[in-house]
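Residue numbers (this note's numbering): 183 to 847.
Quick reminder that beta carbons are idealized off the backbone N, C-alpha and C, glycines included.
Working notes, structure below.
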């Protein structure tokens with residue numbers, strides 16, 4: 183909803199409710215919305231508006247808000263009907279004796295009275311009691327409150343101000359509200375010129391996306407273009423945001439993002455602040471249980487963490503994800519600026535290395551749980567675990583490579599990050615995030631200590647992930663991994679190295695070598711060995727290669743793949759085997775049977791989660807060929823079946839379990 187829509191919603195709410203509270207995170211535009219409404223109030227000309235705004239430098243003492251409101255009401259009592267009263271900037275030391283605030287409100291000469299209490303977070307508790315008293319004593323009174331959290335009164339109507347939309351509607355030509363605000367606050371390069379070129383609009387959207395659509399942050403960022411380019415601005419914001427400053431706003435806390443977040447931080451209880459600091463190590467969304475694990479200890483009892491999360495969520499530091507009261511447990515995500523602020527405080531307290539170490543331990547455990555779920559046949563749960571925890575899982579590698587406090591990477595941390603990446607083999611391979619996975623592995627491999635047992639496993643997985651787009655690198659990695667696998671007697675790793683050699687042979691159009699390697703892989707990998715594809719995957723690939731020259735043997739091989747005991751728990755391997763069987767039937771001339779098999783396999787895949795997107799795409803492609811054959815010739819399968827991961831479809835967005843397609847070439 184745009185700001186015009188929020189203003190219309192606010193007008194409608196005040197027409198129906200006596201108490202309306204506008205809430206939202208720091209810098210989101212609550213006060214601006216209230217100021218706009220107060221300038222053109224709801225109702226007829228007989229309405230008076232009394233606005234009291236809390237601001238920097240005002241002392242918080244007993245009944246301080248009551249004193250300011252009483253002063254404003256007293257001034258309004260002497261004003262002509264229908265006239266508003268300017269916001270008062272000074273507060274008397276005490277409330278005058280014998281003057282009741284309800285009497286002062288009733289003395290205002292207007293048919294209706296709207297009291298606007300703006301930005302009352304420093305006096306939140308007093309405000310709740312004051313508003314409750316006024317509403318009970320003055321029947322015709324309406325109250326508009328702006329604050330970072332609600333008052334908690336029973337008859338309170340809450341409007342939550344959301345960040346500005348960053349993306350334009352599909353097919354729209356106008357810039358999104360966030361981009362429009364950035365452009366309006368950006369000085370033109372020359373008199374009469376545009377603030378940015380059309381080619382730079384994607385970078386503007388990136389900046390607004392990094393700033394999460396917060397108006398104050400966008401305005402401060404737009405003012406930086408006199409000193410740096412858009413690309414430089416985006417790169418700096420990627421690293422940190424609290425440095426943003428600007429001379430314009432009247433309030434001191436609005437002159438920098440650090441001060442704006444700091445104003446929220448100041449009003450938090452010390453325990454809530456500590457939870458805020460420690461939770462800033464989360465890169466993405468997190469559960470309450472994960473927060474308890476990482477934030478408790480050293481002065482914070484575990485049972486205090488959930489209430490601290492609720493308070494941080496109420497003030498806009500955290501955003502609660504999902505439906506309230508839903509089946510899934512709630513997750514939280516910290517605002518980017520608040521995370522930068524918390525990390526700064528955590529570093530200043532000397533707790534950052536310990537917090538990052540606990541984060542790494544936890545998410546290595548998450549990767550281990552995801553792999554175990556996959557191996558047990560709970561593949562949908564495994565993929566959902568990766569999707570939920572993706573940002574923090576991906577943070578393990580850059581944090582390990584960055585070292586602690588500027589020191590070189592620690593070998594132990596490198597091994598821990600490598601272990602987590604290896605456990606996610608199914609994500610890189612099955613959901614075609616090959617380039618991303620191989621980049622992480624190739625970044626870690628040079629830093630592993632000599633003789634690390636993780637090195638050959640990392641070399642094998644990197645080779646598998648690069649086989650489609652960089653065969654020479656894949657062959658070099660396999661040459662490094664093979665001797666160590668043989669010396670260790672690791673049958674699973676030996677077989678999986680053979681599988682990648684089979685894929686490379688198939689890509690260079692050497693079917694005899696591909697058959698030999700795939701057969702060796704299927705015969706060598708133990709049936710229940712974790713950490714990589716089972717023998718059924720190698721058998722399915724073998725059947726596809728055989729189908730080009732010996733469809734009968736290929737059909738028997740595919741049947742053998744389907745008969746593997748572990749297939750009942752592995753939807754991915756089973757789907758590959760079904761494809762191989764259907765393709766073998768087609769190559770044998772049994773087109774009708776092949777079509778029925780492919781349809782049944784797709785129907786089975788459609789009833790469950792998309793744990794085998796590669797096989798789904800391959801089966802659909804095969805059916806398209808079978809149902810609309812070109813010039814009546816039999817379908818000759820190219821190299822697209824062979825189970826080799828390829829680059830995914832990520833373009834800066836979080837990956838989806840339905841984006842991948844069967845690997846090509």
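Minimum C-alpha distance to residue i - residue among the options
i           : options            : result
residue 752 : 198, 787, 768, 776 : 787
residue 466 : 378, 515, 496      : 515
residue 619 : 341, 633, 599, 635 : 599
residue 770 : 194, 315, 732, 746 : 732
residue 697 : 707, 680, 440      : 680
residue 361 : 390, 633, 341      : 390
residue 525 : 221, 421, 259      : 421
residue 470 : 510, 481, 711      : 510
residue 647 : 597, 686, 633      : 686
Residue i and residue j closer than 8 Å at C-beta
i           : j           : result
residue 643 : residue 579 : no
residue 700 : residue 682 : no
residue 358 : residue 366 : no
residue 287 : residue 323 : yes
residue 795 : residue 613 : yes
residue 284 : residue 302 : no
residue 209 : residue 348 : no
residue 402 : residue 439 : yes
residue 325 : residue 299 : yes
residue 392 : residue 416 : yes
residue 748 : residue 709 : yes
residue 219 : residue 252 : no
residue 545 : residue 565 : no
residue 663 : residue 641 : yes
residue 454 : residue 407 : no
residue 761 : residue 797 : yes
Inter-residue Cα distance where the pair is residue i and residue j
i           : j           : result
residue 851 : residue 461 : Outside the modelled stretch of the chain, which goes from 183 to 847, sits residue 851, for which no answer is possible.
residue 755 : residue 504 : 32 Å
residue 229 : residue 245 : 27 Å
residue 843 : residue 443 : With a pLDDT of 28 at residue 843, under the threshold of 50, the predicted position of this residue should be treated as unreliable, though the coordinate-derived value follows. Spanning the two alpha carbons is a distance of roughly 43 Å.
residue 405 : residue 631 : 47 Å
residue 318 : residue 337 : 11 Å
residue 435 : residue 445 : 7 Å
residue 217 : residue 345 : 18 Å
residue 491 : residue 289 : 43 Å
residue 617 : residue 730 : 30 Å
residue 249 : residue 512 : 41 Å
residue 694 : residue 637 : 30 Å
residue 538 : residue 567 : 21 Å
residue 262 : residue 310 : Because the pLDDT of residue 262 is 49, which lies under 50, any placement of that residue in the model is unreliable, and the number read from its coordinates should be weighed accordingly. Answer to the nearest angstrom: the Cα atoms are 29 Å apart.
residue 715 : residue 706 : 12 Å
residue 187 : residue 400 : 20 Å
residue 740 : residue 352 : 45 Å
residue 590 : residue 424 : 26 Å
residue 703 : residue 639 : 15 Å
residue 473 : residue 675 : 37 Å
residue 214 : residue 781 : 59 Å
residue 583 : residue 592 : 8 Å
residue 861 : residue 307 : One cannot answer for residue 861 here, as it falls past the ends of the chain, which runs 183 to 847.
residue 200 : residue 500 : 29 Å
residue 296 : residue 194 : 14 Å
residue 624 : residue 615 : 14 Å
residue 387 : residue 221 : 32 Å
CB-CB length for residue i against residue j, believed under 8 Å
i           : j           : result
residue 783 : residue 757 : 6 Å
residue 202 : residue 339 : 5 Å
residue 656 : residue 666 : Not quite, the Cβ-Cβ distance comes to about 17 Å (not below 8 Å), so this is no contact.
residue 232 : residue 254 : 5 Å
residue 765 : residue 724 : Going by Cβ atoms, the distance from residue 765 to residue 724 rounds to 12 Å, so no, they are not a contact pair.
residue 413 : residue 368 : That pair is no contact at about 15 Å.
residue 498 : residue 206 : 6 Å
residue 333 : residue 313 : 6 Å
residue 759 : residue 767 : That pair is no contact at about 13 Å.
residue 549 : residue 602 : 4 Å
residue 622 : residue 645 : At roughly 14 Å, the Cβ-Cβ gap does not stay under 8 Å, so residue 622 and residue 645 are not in contact.
residue 394 : residue 540 : At roughly 26 Å, the Cβ-Cβ gap does not stay under 8 Å, so residue 394 and residue 540 are not in contact.
residue 520 : residue 595 : Actually they do not touch by this definition, with Cβ atoms about 26 Å apart.
residue 342 : residue 496 : So it is not a contact: roughly 11 Å between Cβ atoms.
residue 689 : residue 653 : 6 Å
### Task
Inspect the CB distances between the region 523-543 and the region 717-725 and report whether three or more fall short of 8 Å.
no
### Cβ pair count under 8 Å reaching 3, the region 534-553 against the region 602-609
yes
### Query
Do the region 558-568 and the region 435-454 touch if we need at least three Cβ pairs shorter than 8 Å?
no
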